[in-house]
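Here the structure is laid out as structure tokens; the discussion comes afterwards.
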Amino acid sequence: MKMSEELQKYLPFGYLYLVVMGLFKESIFFYQLGINILKYSSVMDILISPVADLASHPIVFVGLLIVILIIYLIINKVTKRHDKVWVRKLIGIAENNTITAEEINSKIANTLLKYIAIVIFAFFMGIGIGGGNKIANKIKDNTLTFDYKITFNSGESENISMISSNSLYYFYLTQGQKSIKISPIASVKYLELSNNKKLDK
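Quick note: the sequence shown uses the working numbering, first residue 1, plus one each step.
What follows is the structure, encoded as structure tokens:
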């Protein structure tokens, strides 16, 4: 069995992994802001959360891909040296154990997935912890940037600092306040980015 075929067996577990990872990341992020995000999120919001983070930080996304590629190349390279003692220890094979090429590919695929899963999980946990802590400190120090204008269906408008959003709610602060407001998207007429750093240069 080829390594690619071995990896395909684990694809169904990828969905569950994304849900669990998104759940942890979002929970850690919003916990630091005093919000139980599970009350305001759908399963789809949790699932696409990691993807949305990568899309909003393309440089970080490229960096993560490079790390994963390096891990893959290293593991793939040691396949050709499976007779070495240190390689067998790396993939969990006893020194005096004789195994087939198919079993070696299976072991290597498992090792590859394990390392990639650990790297990705640690990466997103870092985003959750670091991002939540950064926002919490900005709220305490009153250093948020109020670069959005939100207009509700009632016609009322406010200048806000957008904390986050999902398919159901906006999470934001208004000027002069330190309490986070949560508004259903259905109650908002439109959202205006009044200070676009990319276009205002």
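Every residue, glycine too, gets a C-beta built ideally from N, C-alpha and C.
Quick caveat: nothing in here was measured; it's all calculated off a predicted structure.
Among the options, nearest to residue i - alpha-carbon criterion
i      : options                          : result
Ser41  : Asn166, Leu173 and Asn195        : Asn166
Phe24  : Gly63, Asp45, Ala117 and Met125  : Met125
Tyr15  : Ile70, Asp141, Ile163 and Ser49  : Ser49
Leu112 : Tyr72, Ile59, Ser164 and Gly130  : Tyr72
Gly176 : Glu156, Lys140 and Ile182        : Lys140
Ser106 : Ile75, Lys39 and Lys138          : Ile75
Ile182 : Ile59, Val62, Phe152 and Lys114  : Phe152
Phe29  : Lys134, Thr145, Ile59 and Ser179 : Lys134
Thr143 : Lys178, Leu191, Asn36 and Glu26  : Lys178
Tyr17  : Leu193, Val43 and Tyr31          : Val43
Val119 : Leu65, Ile59 and Ile35           : Leu65
Glu26  : Gly131, Asn196 and Lys138        : Gly131
Lys77  : Gly63, Ile163, Ile104 and Ser164 : Ile104
Helix, strand or coil at residue i according to DSSP, with G and I counted as helix
i      : result
Leu38  : helix
Lys181 : strand
Ser154 : coil
Ser167 : coil
Ser194 : coil
Asn159 : strand
Leu173 : strand
Phe13  : helix
Cβ pair residue i, residue j closer than 8 angstroms
i      : j      : result
Ala122 : Leu33  : no
Ser157 : Leu173 : no
Asp53  : Ile127 : yes
Ile185 : Leu168 : yes
Leu38  : Gly22  : no
Tyr245 : Glu102 : The displayed coordinates of the chain run from 1 to 201. Any statement about residue 245 would go beyond what the structure contains.
Alpha-carbon spacing of residue i relative to residue j, whole angstroms
i      : j      : result
His57  : Ser154 : 34 angstroms
Ile108 : Ala117 : 14 angstroms
Tyr170 : Asn110 : 40 angstroms
Lys114 : Asn159 : 45 angstroms
Phe258 : Ser187 : This structure does not reach residue 258, given that the chain is present from 1 up to 201, and the question cannot be answered.
Ala55  : Val20  : 19 angstroms
Ile70  : Ser194 : 41 angstroms
Ile180 : Lys138 : 12 angstroms
Phe61  : Phe146 : 27 angstroms
Met1   : Val67  : Confidence at Met1 is low in this model, with a pLDDT of 48, below 50, so its placement is unreliable and the value that follows should be read with caution. Taking the straight line from one Cα to the other gives about 26 angstroms.
Asn36  : Ser164 : 13 angstroms
Leu45  : Lys189 : According to the sequence provided, residue 45 is Asp. The question's Leu does not apply to it. Using only the alpha carbons, I get a separation of about 21 angstroms.
Asn225 : Ile59  : The chain is shown only over 1 to 201; residue 225 falls outside these bounds and no answer can be derived.
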